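Report on the structure given below.
Numbering (our numbering), first residue to last: 37 to 429.
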(Lines of atoms letter the chains of each structure in order from A and count residues from 1; the text may use other names and numbers.)
(Lines give C-alpha, C1' and ligand atoms only; values in the text may rest on other atoms or scores of the structure.)
Protein backbone atom coordinates (compact mmCIF):
# COMPACT_ATOMS: atom_id res chain seq x y z
CA UNK A 1 0.00 0.00 0.00
CA UNK A 2 1.28 3.45 -0.89
CA UNK A 3 2.23 5.88 1.84
CA UNK A 4 -0.67 7.96 3.10
CA UNK A 5 -1.05 11.46 1.71
CA UNK A 6 -0.09 13.99 4.37
CA UNK A 7 -3.25 15.97 5.10
CA UNK A 8 -3.48 17.97 8.32
CA UNK A 9 -6.29 20.44 7.59
CA UNK A 10 -9.50 19.77 9.45
CA UNK A 11 -11.73 18.93 6.50
CA UNK A 12 -15.14 17.42 7.23
CA UNK A 13 -16.63 17.26 3.73
CA UNK A 14 -15.92 15.05 0.73
CA UNK A 15 -16.84 15.25 -2.95
CA UNK A 16 -16.88 11.91 -4.82
CA UNK A 17 -16.90 12.00 -8.63
CA UNK A 18 -18.73 9.25 -10.50
CA UNK A 19 -17.89 9.94 -14.17
CA UNK A 20 -20.29 7.60 -15.98
CA UNK A 21 -23.20 8.66 -18.20
CA UNK A 22 -25.54 6.98 -20.66
CA UNK A 23 -24.64 9.77 -23.09
CA UNK A 24 -22.82 13.11 -22.92
CA UNK A 25 -25.14 16.12 -22.80
CA UNK A 26 -24.39 18.73 -25.44
CA UNK A 27 -23.44 21.40 -22.87
CA UNK A 28 -21.28 19.19 -20.63
CA UNK A 29 -17.52 19.70 -20.18
CA UNK A 30 -17.19 17.59 -17.00
CA UNK A 31 -14.86 14.56 -17.04
CA UNK A 32 -17.24 11.73 -17.96
CA UNK A 33 -17.11 8.29 -19.55
CA UNK A 34 -20.06 7.19 -21.68
CA UNK A 35 -21.29 3.67 -20.86
CA UNK A 36 -24.38 3.61 -23.06
CA UNK A 37 -27.71 2.22 -21.93
CA UNK A 38 -26.44 -0.27 -19.35
CA UNK A 39 -28.73 0.55 -16.48
CA UNK A 40 -26.75 -0.49 -13.44
CA UNK A 41 -23.18 -0.52 -12.26
CA UNK A 42 -23.16 -4.28 -11.66
CA UNK A 43 -23.53 -4.86 -15.43
CA UNK A 44 -20.44 -2.84 -16.24
CA UNK A 45 -16.90 -3.99 -15.55
CA UNK A 46 -15.81 -0.45 -16.40
CA UNK A 47 -17.74 0.97 -13.46
CA UNK A 48 -16.61 -1.82 -11.14
CA UNK A 49 -12.95 -1.14 -11.99
CA UNK A 50 -13.44 2.55 -11.34
CA UNK A 51 -15.02 1.92 -7.93
CA UNK A 52 -12.05 -0.31 -7.05
CA UNK A 53 -9.52 2.43 -7.87
CA UNK A 54 -11.65 5.11 -6.23
CA UNK A 55 -11.70 3.14 -2.98
CA UNK A 56 -7.92 2.74 -3.23
CA UNK A 57 -7.56 6.52 -3.40
CA UNK A 58 -9.81 6.98 -0.37
CA UNK A 59 -7.86 4.32 1.57
CA UNK A 60 -4.52 6.08 1.08
CA UNK A 61 -5.81 9.47 2.20
CA UNK A 62 -4.95 10.48 5.74
CA UNK A 63 -7.85 11.58 7.95
CA UNK A 64 -7.82 15.09 9.36
CA UNK A 65 -9.27 13.95 12.68
CA UNK A 66 -12.89 15.01 12.23
CA UNK A 67 -15.55 12.73 10.71
CA UNK A 68 -17.29 13.76 7.50
CA UNK A 69 -20.35 15.95 7.98
CA UNK A 70 -21.22 16.19 4.29
CA UNK A 71 -20.61 13.85 1.35
CA UNK A 72 -21.63 14.67 -2.22
CA UNK A 73 -21.71 12.11 -5.04
CA UNK A 74 -21.56 14.08 -8.30
CA UNK A 75 -20.93 13.27 -11.91
CA UNK A 76 -21.57 12.11 -14.41
CA UNK A 77 -24.52 10.07 -13.25
CA UNK A 78 -23.98 8.55 -9.78
CA UNK A 79 -27.34 6.79 -10.06
CA UNK A 80 -25.66 4.37 -12.50
CA UNK A 81 -23.94 2.85 -9.45
CA UNK A 82 -25.38 -0.32 -8.01
CA UNK A 83 -26.47 -0.27 -4.37
CA UNK A 84 -23.52 -2.52 -3.53
CA UNK A 85 -21.03 -0.20 -5.21
CA UNK A 86 -22.38 2.85 -3.43
CA UNK A 87 -22.34 0.95 -0.13
CA UNK A 88 -18.71 -0.04 -0.71
CA UNK A 89 -17.65 3.56 -1.33
CA UNK A 90 -19.47 4.75 1.80
CA UNK A 91 -17.98 1.92 3.86
CA UNK A 92 -14.50 2.90 2.67
CA UNK A 93 -15.13 6.54 3.60
CA UNK A 94 -16.42 5.44 7.00
CA UNK A 95 -13.41 3.21 7.65
CA UNK A 96 -10.70 5.69 6.67
CA UNK A 97 -12.23 9.13 7.35
CA UNK A 98 -15.25 8.49 9.55
CA UNK A 99 -18.80 9.69 8.88
CA UNK A 100 -20.72 11.85 11.37
CA UNK A 101 -23.98 10.23 12.54
CA UNK A 102 -26.11 13.05 11.11
CA UNK A 103 -24.07 13.63 7.94
CA UNK A 104 -25.73 15.08 4.86
CA UNK A 105 -25.13 12.49 2.11
CA UNK A 106 -26.15 13.86 -1.28
CA UNK A 107 -26.37 12.03 -4.59
CA UNK A 108 -27.02 13.38 -8.08
CA UNK A 109 -29.59 11.22 -9.86
CA UNK A 110 -30.88 11.42 -13.43
CA UNK A 111 -34.47 10.67 -14.44
CA UNK A 112 -34.83 7.24 -15.99
CA UNK A 113 -31.70 5.77 -14.36
CA UNK A 114 -33.27 4.31 -11.21
CA UNK A 115 -36.32 2.43 -10.02
CA UNK A 116 -38.02 2.14 -6.64
CA UNK A 117 -35.80 -0.72 -5.48
CA UNK A 118 -32.58 1.10 -6.28
CA UNK A 119 -33.69 4.41 -4.78
CA UNK A 120 -34.80 2.59 -1.64
CA UNK A 121 -31.43 0.86 -1.59
CA UNK A 122 -29.55 4.14 -1.86
CA UNK A 123 -31.57 5.47 1.05
CA UNK A 124 -30.95 2.35 3.12
CA UNK A 125 -27.15 2.69 2.83
CA UNK A 126 -27.18 6.33 3.88
CA UNK A 127 -28.25 8.71 1.09
CA UNK A 128 -30.56 11.33 2.60
CA UNK A 129 -30.46 13.98 -0.12
CA UNK A 130 -30.93 13.60 -3.89
CA UNK A 131 -30.45 16.15 -6.64
CA UNK A 132 -32.56 15.35 -9.70
CA UNK A 133 -31.12 16.58 -13.01
CA UNK A 134 -34.33 17.71 -14.71
CA UNK A 135 -32.97 20.72 -16.70
CA UNK A 136 -36.28 21.37 -18.55
CA UNK A 137 -39.89 20.19 -18.59
CA UNK A 138 -40.25 20.42 -22.40
CA UNK A 139 -39.46 17.34 -24.48
CA UNK A 140 -38.10 19.37 -27.39
CA UNK A 141 -35.63 21.20 -25.14
CA UNK A 142 -34.46 17.96 -23.52
CA UNK A 143 -33.71 16.58 -26.98
CA UNK A 144 -31.95 19.78 -28.07
CA UNK A 145 -29.74 19.60 -24.97
CA UNK A 146 -28.82 15.95 -25.59
CA UNK A 147 -30.49 14.69 -22.42
CA UNK A 148 -31.19 10.94 -22.28
CA UNK A 149 -34.48 11.24 -20.36
CA UNK A 150 -38.02 12.29 -21.22
CA UNK A 151 -40.63 14.40 -19.44
CA UNK A 152 -42.40 11.14 -18.49
CA UNK A 153 -39.14 9.96 -16.90
CA UNK A 154 -39.01 13.18 -14.85
CA UNK A 155 -42.50 12.74 -13.46
CA UNK A 156 -41.92 9.05 -12.74
CA UNK A 157 -38.67 9.85 -10.92
CA UNK A 158 -40.32 12.55 -8.83
CA UNK A 159 -43.03 10.08 -7.82
CA UNK A 160 -40.38 7.55 -6.77
CA UNK A 161 -38.52 10.14 -4.69
CA UNK A 162 -41.72 11.01 -2.85
CA UNK A 163 -42.56 7.32 -2.34
CA UNK A 164 -39.16 6.60 -0.78
CA UNK A 165 -39.54 9.73 1.38
CA UNK A 166 -35.99 11.00 1.00
CA UNK A 167 -35.94 14.02 3.31
CA UNK A 168 -34.02 16.40 1.03
CA UNK A 169 -35.03 16.61 -2.62
CA UNK A 170 -33.30 19.10 -4.93
CA UNK A 171 -34.16 19.76 -8.57
CA UNK A 172 -31.92 21.30 -11.28
CA UNK A 173 -33.08 23.53 -14.16
CA UNK A 174 -31.11 25.25 -16.95
CA UNK A 175 -32.04 28.63 -18.42
CA UNK A 176 -30.78 30.09 -21.68
CA UNK A 177 -31.01 26.86 -23.71
CA UNK A 178 -31.14 27.12 -27.54
CA UNK A 179 -34.65 27.97 -28.74
CA UNK A 180 -35.85 28.30 -25.13
CA UNK A 181 -38.56 30.94 -24.77
CA UNK A 182 -39.47 32.93 -21.68
CA UNK A 183 -42.86 31.19 -21.70
CA UNK A 184 -41.20 27.76 -21.62
CA UNK A 185 -38.98 28.91 -18.77
CA UNK A 186 -41.96 30.12 -16.79
CA UNK A 187 -43.67 26.77 -17.38
CA UNK A 188 -40.60 24.86 -16.14
CA UNK A 189 -40.47 26.97 -13.00
CA UNK A 190 -44.15 26.40 -12.27
CA UNK A 191 -43.84 22.65 -12.83
CA UNK A 192 -40.75 22.55 -10.60
CA UNK A 193 -42.69 24.19 -7.78
CA UNK A 194 -45.61 21.79 -8.31
CA UNK A 195 -43.47 18.66 -7.68
CA UNK A 196 -42.46 20.10 -4.28
CA UNK A 197 -38.67 19.81 -4.01
CA UNK A 198 -37.12 21.28 -0.87
CA UNK A 199 -34.36 22.86 -2.98
CA UNK A 200 -34.09 24.18 -6.56
CA UNK A 201 -30.89 25.02 -8.45
CA UNK A 202 -31.08 27.34 -11.46
CA UNK A 203 -28.12 27.35 -13.87
CA UNK A 204 -27.68 29.73 -16.78
CA UNK A 205 -26.29 27.89 -19.81
CA UNK A 206 -22.58 28.46 -20.38
CA UNK A 207 -21.19 27.60 -23.82
CA UNK A 208 -17.92 25.75 -23.17
CA UNK A 209 -15.23 25.11 -25.77
CA UNK A 210 -14.92 21.43 -26.63
CA UNK A 211 -18.59 20.64 -26.06
CA UNK A 212 -21.18 19.92 -28.73
CA UNK A 213 -22.83 23.27 -27.99
CA UNK A 214 -19.39 24.90 -28.27
CA UNK A 215 -19.21 23.58 -31.85
CA UNK A 216 -22.80 24.46 -32.73
CA UNK A 217 -23.21 27.92 -31.22
CA UNK A 218 -21.35 31.10 -30.40
CA UNK A 219 -22.35 33.01 -27.23
CA UNK A 220 -24.81 35.77 -28.06
CA UNK A 221 -25.92 34.24 -31.38
CA UNK A 222 -29.33 32.84 -32.23
CA UNK A 223 -30.95 30.40 -31.51
CA UNK A 224 -29.61 31.12 -28.02
CA UNK A 225 -31.87 33.55 -26.13
CA UNK A 226 -30.73 37.17 -26.14
CA UNK A 227 -28.99 38.69 -23.13
CA UNK A 228 -32.17 40.62 -22.39
CA UNK A 229 -34.18 37.38 -22.35
CA UNK A 230 -31.71 35.54 -20.08
CA UNK A 231 -31.78 38.48 -17.65
CA UNK A 232 -35.56 38.29 -17.69
CA UNK A 233 -35.33 34.53 -17.07
CA UNK A 234 -33.17 35.15 -14.00
CA UNK A 235 -35.55 37.80 -12.66
CA UNK A 236 -38.54 35.55 -13.37
CA UNK A 237 -36.97 32.66 -11.44
CA UNK A 238 -36.34 34.94 -8.48
CA UNK A 239 -39.94 36.20 -8.52
CA UNK A 240 -41.63 32.81 -9.04
CA UNK A 241 -39.55 30.86 -6.53
CA UNK A 242 -39.48 33.42 -3.72
CA UNK A 243 -43.23 33.89 -4.12
CA UNK A 244 -43.58 30.11 -3.71
CA UNK A 245 -41.74 30.22 -0.38
CA UNK A 246 -38.18 29.45 -1.46
CA UNK A 247 -35.31 31.51 -0.05
CA UNK A 248 -32.85 32.81 -2.65
CA UNK A 249 -29.82 31.98 -0.53
CA UNK A 250 -27.16 31.83 -3.27
CA UNK A 251 -26.85 33.23 -6.81
CA UNK A 252 -28.09 29.99 -8.41
CA UNK A 253 -29.83 28.27 -5.51
CA UNK A 254 -33.18 28.41 -3.73
CA UNK A 255 -34.31 26.43 -0.70
CA UNK A 256 -37.22 26.01 1.63
CA UNK A 257 -36.32 27.39 5.07
CA UNK A 258 -33.94 24.95 6.75
CA UNK A 259 -33.13 23.04 3.55
CA UNK A 260 -29.97 24.69 2.17
CA UNK A 261 -27.31 22.38 0.74
CA UNK A 262 -24.77 22.11 3.53
CA UNK A 263 -22.12 20.56 1.30
CA UNK A 264 -22.15 23.39 -1.21
CA UNK A 265 -21.89 25.92 1.61
CA UNK A 266 -18.46 24.45 2.33
CA UNK A 267 -17.36 25.62 -1.13
CA UNK A 268 -18.93 29.06 -0.85
CA UNK A 269 -17.43 29.63 2.60
CA UNK A 270 -14.01 28.60 1.22
CA UNK A 271 -13.57 25.82 3.77
CA UNK A 272 -11.32 22.76 3.16
CA UNK A 273 -12.74 19.57 1.65
CA UNK A 274 -11.58 16.22 0.36
CA UNK A 275 -12.29 15.14 -3.20
CA UNK A 276 -11.99 11.72 -4.79
CA UNK A 277 -12.22 10.42 -8.33
CA UNK A 278 -11.37 11.36 -11.89
CA UNK A 279 -11.13 15.14 -12.36
CA UNK A 280 -12.22 15.87 -8.77
CA UNK A 281 -10.78 19.03 -7.17
CA UNK A 282 -9.91 19.11 -3.46
CA UNK A 283 -8.90 21.95 -1.12
CA UNK A 284 -6.67 20.63 1.65
CA UNK A 285 -3.86 22.30 3.61
CA UNK A 286 -4.43 25.46 1.58
CA UNK A 287 -3.76 23.55 -1.66
CA UNK A 288 -6.24 23.30 -4.54
CA UNK A 289 -5.55 20.15 -6.50
CA UNK A 290 -7.40 18.65 -9.47
CA UNK A 291 -6.97 14.97 -10.22
CA UNK A 292 -6.34 13.76 -13.79
CA UNK A 293 -9.42 14.16 -15.99
CA UNK A 294 -8.86 11.04 -18.12
CA UNK A 295 -9.60 7.55 -16.80
CA UNK A 296 -6.28 5.80 -17.42
CA UNK A 297 -4.28 8.83 -16.26
CA UNK A 298 -6.32 8.89 -13.05
CA UNK A 299 -5.71 5.16 -12.53
CA UNK A 300 -1.96 5.66 -13.01
CA UNK A 301 -1.97 8.58 -10.58
CA UNK A 302 -3.61 6.45 -7.88
CA UNK A 303 -1.26 3.54 -8.63
CA UNK A 304 1.71 5.90 -8.19
CA UNK A 305 0.51 6.88 -4.72
CA UNK A 306 -1.88 9.75 -5.39
CA UNK A 307 0.75 12.42 -4.77
CA UNK A 308 -0.68 15.92 -4.38
CA UNK A 309 2.17 18.04 -5.74
CA UNK A 310 1.16 21.69 -5.80
CA UNK A 311 1.88 24.95 -4.01
CA UNK A 312 -0.11 26.41 -1.13
CA UNK A 313 -2.50 29.06 -2.44
CA UNK A 314 -0.93 32.53 -1.87
CA UNK A 315 -2.75 34.85 0.58
CA UNK A 316 -3.76 37.26 -2.20
CA UNK A 317 -5.48 34.43 -4.09
CA UNK A 318 -7.13 33.19 -0.88
CA UNK A 319 -8.60 36.67 -0.40
CA UNK A 320 -9.93 36.83 -3.95
CA UNK A 321 -11.35 33.30 -3.69
CA UNK A 322 -13.00 34.16 -0.37
CA UNK A 323 -14.69 37.19 -1.95
CA UNK A 324 -15.60 35.45 -5.21
CA UNK A 325 -17.18 32.48 -3.43
CA UNK A 326 -18.64 34.24 -0.39
CA UNK A 327 -20.37 36.96 -2.38
CA UNK A 328 -22.37 34.24 -4.13
CA UNK A 329 -24.28 33.80 -0.86
CA UNK A 330 -27.18 36.13 -0.12
CA UNK A 331 -25.69 36.72 3.33
CA UNK A 332 -22.36 37.64 1.74
CA UNK A 333 -19.10 37.63 3.68
CA UNK A 334 -18.32 38.70 7.22
CA UNK A 335 -16.31 41.92 7.46
CA UNK A 336 -15.06 40.78 10.87
CA UNK A 337 -13.77 37.55 9.32
CA UNK A 338 -12.08 39.46 6.48
CA UNK A 339 -10.44 41.80 9.00
CA UNK A 340 -9.23 38.92 11.15
CA UNK A 341 -7.79 36.95 8.21
CA UNK A 342 -6.50 39.71 5.94
CA UNK A 343 -6.16 42.85 8.07
CA UNK A 344 -7.99 46.16 8.50
CA UNK A 345 -6.11 47.91 5.69
CA UNK A 346 -7.10 45.25 3.18
CA UNK A 347 -10.77 45.56 4.18
CA UNK A 348 -10.55 49.34 3.66
CA UNK A 349 -9.08 48.67 0.22
CA UNK A 350 -11.98 46.32 -0.58
CA UNK A 351 -14.45 49.05 0.46
CA UNK A 352 -12.73 51.54 -1.82
CA UNK A 353 -12.87 49.11 -4.75
CA UNK A 354 -16.57 48.45 -4.18
CA UNK A 355 -17.66 52.04 -3.50
CA UNK A 356 -19.08 52.63 -7.02
CA UNK A 357 -21.19 49.47 -6.67
CA UNK A 358 -22.29 50.44 -3.16
CA UNK A 359 -23.46 53.77 -4.61
CA UNK A 360 -25.19 51.93 -7.47
CA UNK A 361 -26.98 49.52 -5.14
CA UNK A 362 -25.38 46.36 -6.49
CA UNK A 363 -23.37 45.88 -3.28
CA UNK A 364 -24.72 46.38 0.25
CA UNK A 365 -23.39 46.36 3.79
CA UNK A 366 -25.97 44.67 6.01
CA UNK A 367 -24.93 44.70 9.66
CA UNK A 368 -21.31 43.60 9.57
CA UNK A 369 -21.65 41.66 6.31
CA UNK A 370 -20.76 42.61 2.75
CA UNK A 371 -23.21 41.24 0.18
CA UNK A 372 -24.62 41.59 -3.32
CA UNK A 373 -28.17 42.86 -3.75
CA UNK A 374 -30.87 40.57 -5.11
CA UNK A 375 -31.48 40.46 -8.03
CA UNK A 376 -29.37 43.29 -9.51
CA UNK A 377 -26.16 42.60 -7.59
CA UNK A 378 -26.40 38.90 -8.40
CA UNK A 379 -27.10 39.64 -12.06
CA UNK A 380 -24.00 41.83 -12.36
CA UNK A 381 -21.78 39.82 -10.02
CA UNK A 382 -19.30 39.11 -12.82
CA UNK A 383 -18.79 42.84 -13.36
CA UNK A 384 -18.24 43.46 -9.64
CA UNK A 385 -15.88 40.51 -9.21
CA UNK A 386 -13.88 41.31 -12.36
CA UNK A 387 -13.28 44.80 -11.00
CA UNK A 388 -12.23 43.41 -7.61
CA UNK A 389 -9.81 40.98 -9.23
CA UNK A 390 -8.28 43.73 -11.38
CA UNK A 391 -7.81 46.13 -8.47
CA UNK A 392 -6.77 43.65 -5.79
CA UNK A 393 -4.98 41.09 -7.96
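Even for Gly, the Cβ is constructed at its ideal location relative to N, Cα and C.
Nothing here was measured: the structure is a model prediction, and the numbers come from that model.
Judged by pairs of C-beta atoms under 8 Å, the segment 366-384 does not touch the segment 240-255, as fewer than three such pairs exist.
Rounded to the nearest whole angstrom, the C-alpha separation of residue 306 and residue 216 is 34 Å. A residue is called buried once 16 or more other Cβ atoms fall within 10 Å of its Cβ, and residue 159 is buried on that count.
If the five residues before and after residue 183 are omitted, its C-beta is found closer than 7 Å to the C-beta atoms of 61, 171, all from its own chain and listed in chain order.
When DSSP reads this structure, residue 143 sits in a beta bridge with 109, 166. One thing to note: residue 53 has its Cβ within 9 Å of the Cβ of residue 313.
For residue 358, the enclosing alpha helix (DSSP H) begins and ends at 351-362. One alpha carbon belongs to residue 267, the other to residue 276, and they sit about 14 Å apart.
C-alpha of residue 69 to C-alpha of residue 416: approximately 35 Å in a straight line. Around the beta carbon of residue 152, a 10 Å sphere encloses fewer than 16 other beta carbons of the protein chains shown; the residue is thus reported as exposed. At a Cβ-Cβ threshold of 9 Å, residue 237 and residue 142 do not count as neighbours. Residue 324: member of the beta strand (DSSP E) spanning 323-326, first to last residue.
Assignment of residue 285 by DSSP, reduced to helix, strand and coil, places it in the strand class.
Each residue's CA atom was taken as its position, placing residue 228 and residue 207 some 7 Å apart. By the Cβ-count criterion, residue 199 is exposed, with fewer than 16 other Cβ atoms from all chains shown falling within 10 Å of its own Cβ.
For residue 395, the enclosing alpha helix (DSSP H) stretches over residues 380-396. Scanning 107, 231, 311, 140 for the CA closest to the CA of residue 96 turns up 311. Contiguous alpha helix (DSSP H) elements confined to the segment 209-239 occur at 218-230, taking only those with 4 or more residues. For residue 47, the CB contacts under 7 Å within the same chain, skipping 5 residues up- and downstream, are 100, 308, 309, 310, 320 in chain order. Rounded to the nearest angstrom, the Cβ distance from residue 94 to residue 116 is 19 Å, too far for a contact under 8 Å. In the DSSP assignment, residue 331 forms no beta bridge with any residue. 239 is the residue among 252, 280, 360, 239 whose C-alpha sits nearest the C-alpha of residue 269.
The three-state reading of DSSP puts residue 58 in coil, since its state is none of H, G, I, E or B.
Residue range 405-408 is occupied by the beta strand (DSSP E) that includes residue 407.
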